[in-house]
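All residue numbers for the sequence shown refer to our numbering, where the first residue is 2 and numbers rise by one.
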Amino acid sequence: MDWLSELNPQQREAVTAPPGPILVLAGPGSGKTRVLTHRIAYLIGEGLADPPSLLAVTFTNKAAREMIGRVEHLLGADPAGHKLRAGLTLGTFHAFCARLIRLEADHLPYARDFVIFDEDDQRTIIRQALKDFNLDPKQVQPGRVHHAISQAKSELITAEEYPSGSYFQEIVRRAYARYQATLLANNALDFDDLLLWAVRLFEENPQVLGRYRRRYAHLLVDEFQDTNTAQYLLLRLLGGEQPHLFVVGDPDQSIYGWRGADYRNVHRFQEDYPSARTILLEQNYRSTQTILDIAMAVINRAPRRQVKRLFTERGRGSLAILHEAYDEYEEAAAAVDIIATLTARGAAQPADCAIMYRTNAQSRLLEEAFLRAGLPYRLVGAQRFYGRREIKDLIAYLRLIHNPADQVSLLRVLNTPPRGIGAKTVQILLGLSQRHSLEPVQILLDLARGEDSRFAAEIDARARRALVPFGRSLQRWLQAKQTLDVVGLMDLVLEETAFESHLDDGTDEGLQRIENVQELRRAAQDLDTMELATFLERVALVSDQDTLTDSLNAPTLLTLHAAKGLEFPVVIIVGLDDGLLPHQRSFQDSEAMAEERRLFYVGITRAQDRLYLLRAFRRRVAGESLLGKPSRFLEDIPAELLEGDLAGLQTWERRSYQRRTAWQGTFKPPRQPRFRPGMRVRHESFGEGIVLQTSLHHDDEELVIEFERDGVKHLAASFARLDVLDG
């Protein structure tokens, strides 16, 4: 096994450790996948295990395919290599459980040909259950109920065991029971059921458990910090009291608590197996030492963690750049400028660069900045901003108001949010339209007249009850178009349709959808002088799908959650303000705040060579431009690791703090503005301009300047570095 010589001492210790419970705490970029695949190859190559006796589980099919390919490469011509793919069980937790349930269906209330319902199927069942209970979906959101049921299943709580200490819990308990009964009647499972029933199979059938324990003598787990309660118990059941259980993970990179992952399983492992061997992988092969020092400065403030000292042989590398833009628009433009500058001077290829952010809604300004610069980009981890369902729905309303002949938009919004207009009613409407050679909108506007409608006799009462309210709303929107701007029209639609309540299903995804809608409203507010037609044209331009070409040599835009497992030579993290990162929802929850810190750590450690940290001096919140507060996580980074026009947050914060608290010994008069309207100034980037307006805010002077080349800009005097010109 010559390939063992390729491993560093810590990796070799993990790969060749004697069988037993082994916990490998692998820092970012430390060769986690390499250790896991080498461990499998070592067990097989040394004759310590046959491929069929190994069970290796991970979280994605892509990771599983990569791992088995690496193992086959390592074994090469070894006799065990050719039978590896057929004998080794390597895949996701859910794939393993689905296969297990199919094989052992005789012990479960399912037939072997069961189906797995996707999320839309699941929501349909829950909506029907709530309807059967005569519950208003506006009062009890199906998505919130579905999320509660999913969380219960990941904690192995059945419908019979679900608590009913509150009104909502009682609704969930009843819906959960009805939901499970419907799944059984349809011989169907959901994704959570795959884990739940696998655990119940082993708990209730000791002979079956014994058979699988004898088969799988060695268990190996990737991304152990992302396991939930059901997955951890499944491993414990399979492993027994003294398992050959090899787990690799990093609690510092646990960022999926919102979907049930529990980093505390790492601590439970150490408690449940006190004789377990713990091995730290601390040598990083990805990043420079400066980037690692920044990451450690951030994560070392996290509570209750085992300290790792990350090091690399790549050298110190460049200092990280901390840049404070005036607002979120300049922040987006600055991110694009960084990439354009690096690529222009040959320091990086466009595809080497990634821009990361906390919420999907932040991608909108970045996408528009790339479009203005005429540069392509790639968006991963989410749909393009203007391609997201809730954004397309709201834009469809605006398109219909702008052009009532737009039947595609009409059919998209006719029952969104749900208003009782089913497929049969839609067919009646379209039939009337065809018979009378009128646009469907014309039929709807006539139906809005109620009993006076000339079509009243041709449509049954139930269909009329569904269509008339929509026709009247549409009539009001078309009239309002004459007097309201884009924001006003949007507000009118949002209010009359209760659109945001429709999106608010109680889950993080629902909150993100609402944030996306609010971001679209901000986009319209920023362009409040633009006509509706021009706004819609701009939206259509931003939605250009050409930027998603697979072979594109382009920067990547992605959320910090989507960045897990990836790496880039250049990483730019934007939105480093309290309320964004950490997110405002974490302010009252210490566990959520700790996960936000881990999320920032994950983002930092994606960078190989260069790291840029961006924030905005001002940011629009609920339609109002407000002074932002720098992310509290930035305070943990030593100033000597940072450079840029804002040379470390500490400089900005401490300078401000010192001005507020230092005892001067003498009275100082109120600060006077340095600039005045009409003064000519020069900016190093924008050139020459004239001051239009100046005002004092706290310890700074805010300026409105019209530049000859770049138009009107809002700048903070302390950061603008303006030269006053004569004349």
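C-beta: ideal position from N, C-alpha, C; glycine also.
query, result
"contact_flag[the segment 510–525, the segment 333–346] where n(CB pairs < 8 angstroms) is 3 or more", "no"
"Same chain, Cβ closer than 6 angstroms to Pro556, neighbours up to 5 away in sequence not counted", "Ile340, Pro351, Cys354 and Tyr378"
"DSSP three-state assignment for Tyr358, whether helix, strand or coil", "strand"
"With 16 other Cβ atoms within 10 Å as the buried cut-off, status of Tyr43", "buried"
"Residue ranges of each alpha helix (DSSP H) within the segment 586–653, 4 or longer", "591–605"
"The segment 297–305 touching the segment 49–65, judged by at least three CB pairs closer than 8 angstroms", "no"
"Asp701: first and last residue of the uninterrupted beta strand (DSSP E) it sits in", "Asp701 to Phe708"
"Option in Asp407, Phe471, His403 and Leu430 with minimal Cα separation from Thr535", "His403"
"Exposure of Gly30, with buried meaning 16 or more beta-carbon neighbours within 10 Å", "buried"
"Reference Asp1; option with closest CA among Leu558, Phe601, Glu592 and Ala564", "No statement about residue 1 is possible, as the shown extent of the chain runs from 2 to 728 and does not include it."
"Own chain, CB closer than 6 angstroms to Ala160, minus 5 neighbours either side, in chain order", "Tyr177, Ala178 and Gln181"
"Ser410 to Tyr613 span [Cα, whole Å]", "41 angstroms"
"Proximity winner among Ala321, Phe500 and Asp122, relative to Ala608 (alpha-carbon distances)", "Ala321"
"Same chain, Cβ closer than 8 angstroms to Arg124, five either side skipped, listed in chain order", "Pro143, Gly144 and His147"
"Reduced DSSP secondary structure (H/G/I, E/B, other) of Asp579", "coil"
"Beta-carbon gap between Gly432 and Ala467 smaller than 7 angstroms", "no"
"Where Ala99 falls, given that 16 or more other Cβ within 10 Å makes a residue buried", "buried"
"Nearest candidate by alpha-carbon position, reference Arg113, set Asp119, Glu120, Asp122 and Arg103", "Arg103"
"Check whether Leu558 and Ile356 have beta carbons under 7 angstroms apart", "yes"
"Nearest-angstrom Cα separation, counted from Asp394 out to Gly388", "10 angstroms"
"Three-way DSSP call (helix, strand, coil) for Ile23 in this model", "strand"
"Where Pro29 sits in the DSSP three-state scheme", "coil"
"Residue burial classification, Glu675 (beta-carbon count within 10 angstroms, cutoff 16)", "A small fix is needed here, since residue 675 is Arg in this sequence, not Glu. That one is exposed."
"Beta-carbon contacts of Ala449 that lie in its chain and below 8 angstroms, excluding the five residues immediately before and after", "Val469, Gly472, Arg473, Leu475 and Gln476"
"Val487 vs Leu533 beta-carbon contact at 7 angstroms", "yes"
"Same chain, Cβ closer than 6 angstroms to Ala593, neighbours up to 5 away in sequence not counted", "Ser587"
"Nearest-angstrom Cα separation, counted from Glu105 out to Arg71", "31 angstroms"
"Per DSSP, cross-strand counterpart(s) of Gln694", "Val705"
"Reference Glu272; option with closest CA among Pro22, Leu726, Thr228 and Glu368", "Pro22"
"Option in Val682, Ile45 and Phe60 with minimal Cα separation from Gly88", "Ile45"
"Burial state of Thr667 (16 or more Cβ within 10 Å)", "Only weak support is given to the placement of Thr667: the predicted model assigns it a pLDDT of 33, under 50, and the value that follows is read from those uncertain coordinates. Label assigned to Thr667: exposed."
"Reduced DSSP category for Asp119 - H, G, I as helix; E, B as strand; rest coil", "coil"
"First through last residue of the alpha helix (DSSP H) which encompasses His95", "Phe94 to Leu104"
"Continuous beta strand (DSSP E) stretch holding Phe569: start and end", "Phe569 to Ile574"
"The alpha helix (DSSP H) enclosing His437, as first and last residue numbers", "Ala424 to His437"
"Same chain, Cβ closer than 6 angstroms to Ala397, five either side skipped, listed in chain order", "Ser410, Arg413 and Val414"
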